[in-house]
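Mapping the sequence shown onto the numbering used here, position 15 (from 1) lands on 15, and the numbers just tick up by one.
Just so it is clear, CB atoms sit at the ideal spot from N, CA and C, and this is done for glycine as well.
As the structure is a computational prediction, the values presented were derived from the model and not from experiment.
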Amino acid sequence: MLKNLFSDPQSEVFTSLPKPPLILPEEGEELDIELEEDFIKANERLASINRRMLDRRGVKAVDFMGSIGSGKTSLLERLVDLLKDRYRIGVIAGDTTTDIDASRIARHGVSSVQVNTGKECHLDALLVRRALKKLLGKKVDLIFIENVGNLICPADFPVGAHKRVVVVSVTEGEYVIVKKRDIFLAANVAVINKIDLADAMGVDPAKLAQDARKANPAIKAVLTSAKFNQGIEELARALELI
C-alpha cells in the first residue's frame with residue numbers, strides 16, 4: 001500500500017519522497033530497513049495532509065484500532081446510534097477482505113466506505129485519504145475509522161485522525177495490554193470491551209485499565225460492553241464528542 005506513494009502521481013508527497021538507495025544483494029537486510037523508514041516517514045507526512053484537509057472542513061476523525069474480535073464494529077454501531085442525531089457521521093471500515101463491517105454500519109443510517117487491504121495488516125494514510133474524499137463529498141462532520149484487526153502494525157501508521165482508540169476485550173486474557181504495550185503509546189483512549197464476560201474469563205477489567213494507564217499515563221481508559229450498551233456514553237465523553 002505505502003509503496004503506492006512512490007508510484008501514484010496523485011499522491012501529494014510523491015515528488016518529495018527520497019529514492020531508495022541502491023544496495024548490493026548481500027546487503028538486502030539494510031535495504032529493507034531503509035525502505036521501511038521511507039514508508040513510515042512518507043505515511044506520516046500524508047497523515048498530516050489528511051489532518052489539515054479535515055480541519056479545513058471542520059470534520060472530526062477518530063481511528064479505532066484493536067485485534068480481530070475485540071468488538072470494534074459493535075462499539076461503532078453503538079456510538080453511531082448514540083451520536084447520529086448530533087453529527088453527520090461517516091465510517092471507513094478497514095479489513096483484509098469482505099464488506100461485512102461497512103454493511104453492518106450502513107444499516108444504522110450513516111454513510112460507510114469499505115477499504116480492503118488484502119494481505120496488509122493495517123490501514124495507511126493513502127488508503128484513508130482516498131476513502132475520505134468519498135465521505136467528505138457527503139457533507140459529514142464526524143468520521144470513524146475502523147482499522148484492520150491487529151494490535152501491532154497500526155501503531156506506526158497514523159492516518160490523520162484527531163484521536164486514536166485501542167480496543168481490547170477481556171476474552172484476550174489478562175496480559176493482552178502488557179504484551180502489546182506499544183500500540184497504547186500511540187493512543188488517546190483505551191477501551192476494555194466485553195466486560196460482561198469478565199467473570200467467565202477470570203479477567204479483571206479494572207486491572208486491564210490500570211495496565212493501559214501504566215503503559216501510557218496520558219491515556220483515558222473506558223470499560224464497555226457493546227453487547228449490553230454499557231459504557232458507550234463514557235466512551236463518547238472520553239472522545240470529547242458529547
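Within the same chain, show all residues whose beta-carbon is closer than 6 Å to that of residue i, passing over the 5 residues directly before and after it, in chain order.
{"i": "residue 176", "result": "168"}
{"i": "residue 131", "result": "92, 113 and 115"}
{"i": "residue 180", "result": "151"}
{"i": "residue 47", "result": "125, 158, 159 and 160"}
{"i": "residue 185", "result": "216"}
{"i": "residue 60", "result": "142 and 162"}
Quick check on the burial criterion: 16 or more other C-beta atoms within 10 angstroms. Buried or exposed for residue i?
{"i": "residue 224", "result": "buried"}
{"i": "residue 218", "result": "exposed"}
{"i": "residue 22", "result": "Since pLDDT at residue 22 reaches only 39, below the 50 mark, its modelled position is unreliable, and no value is offered."}
{"i": "residue 57", "result": "exposed"}
{"i": "residue 24", "result": "In this prediction, residue 24 has a pLDDT of 43, which is less than 50 and means its spatial position is unreliable; what the coordinates show is noted afterwards. Residue 24 is exposed by the Cβ-count criterion."}
{"i": "residue 206", "result": "exposed"}
{"i": "residue 38", "result": "buried"}
{"i": "residue 89", "result": "buried"}
{"i": "residue 231", "result": "buried"}
{"i": "residue 101", "result": "buried"}
{"i": "residue 110", "result": "buried"}
{"i": "residue 178", "result": "exposed"}
{"i": "residue 118", "result": "exposed"}
{"i": "residue 149", "result": "buried"}
So, for residue i: in the same chain, excluding its five sequence neighbours on each side, which residues have a beta-carbon less than 7 Å away from its beta-carbon?
{"i": "residue 128", "result": "50, 92, 145, 159 and 160"}
{"i": "residue 116", "result": "95, 96 and 97"}
{"i": "residue 239", "result": "62, 163 and 189"}
{"i": "residue 106", "result": "112"}
{"i": "residue 72", "result": "64, 66, 146 and 167"}
{"i": "residue 153", "result": "121 and 122"}
{"i": "residue 237", "result": "none"}
{"i": "residue 139", "result": "88"}
Checking contacts by CB at 8 Å: is residue i closer than that to chain D?
{"i": "residue 121", "result": "This model lacks chain D altogether; it includes just one protein chain."}
Contact check, residue i vs residue j under 8 Å by CB: the rounded distance?
{"i": "residue 124", "j": "residue 43", "result": "5 Å"}
{"i": "residue 182", "j": "residue 221", "result": "The pair is not a contact, with the Cβ atoms about 17 Å apart (cut-off 8 Å)."}
{"i": "residue 142", "j": "residue 83", "result": "7 Å"}
{"i": "residue 77", "j": "residue 45", "result": "The pair is not a contact, with the Cβ atoms about 33 Å apart (cut-off 8 Å)."}
With DSSP collapsed to three states, give me the class of residue i.
{"i": "residue 74", "result": "helix"}
{"i": "residue 157", "result": "coil"}
{"i": "residue 234", "result": "helix"}
{"i": "residue 52", "result": "helix"}
{"i": "residue 150", "result": "strand"}
{"i": "residue 187", "result": "coil"}
{"i": "residue 206", "result": "helix"}
{"i": "residue 95", "result": "strand"}
{"i": "residue 67", "result": "coil"}
{"i": "residue 220", "result": "strand"}
{"i": "residue 198", "result": "helix"}
{"i": "residue 102", "result": "helix"}
{"i": "residue 180", "result": "coil"}
{"i": "residue 115", "result": "strand"}
{"i": "residue 229", "result": "coil"}
Excluding sequence positions up to five away, which residues of its chain have a Cβ less than 8 Å from the Cβ of residue i?
{"i": "residue 204", "result": "174 and 198"}
{"i": "residue 170", "result": "192, 193, 194, 195, 197, 198, 201, 203, 205 and 208"}
{"i": "residue 108", "result": "77, 80, 81 and 84"}
Cβ contact (3+ pairs, closer than 8 Å) linking the stretch 93 to 108 and the stretch 182 to 196:
Output reads no: the stretch 182 to 196 does not touch the stretch 93 to 108.
Please confirm if the stretch 209 to 220 is in contact with the stretch 64 to 82, defined as three or more CB-CB distances below 8 Å between the two stretches.
Taking 8 Å as the limit for Cβ pairs, the verdict is that the stretch 64 to 82 does not touch the stretch 209 to 220.
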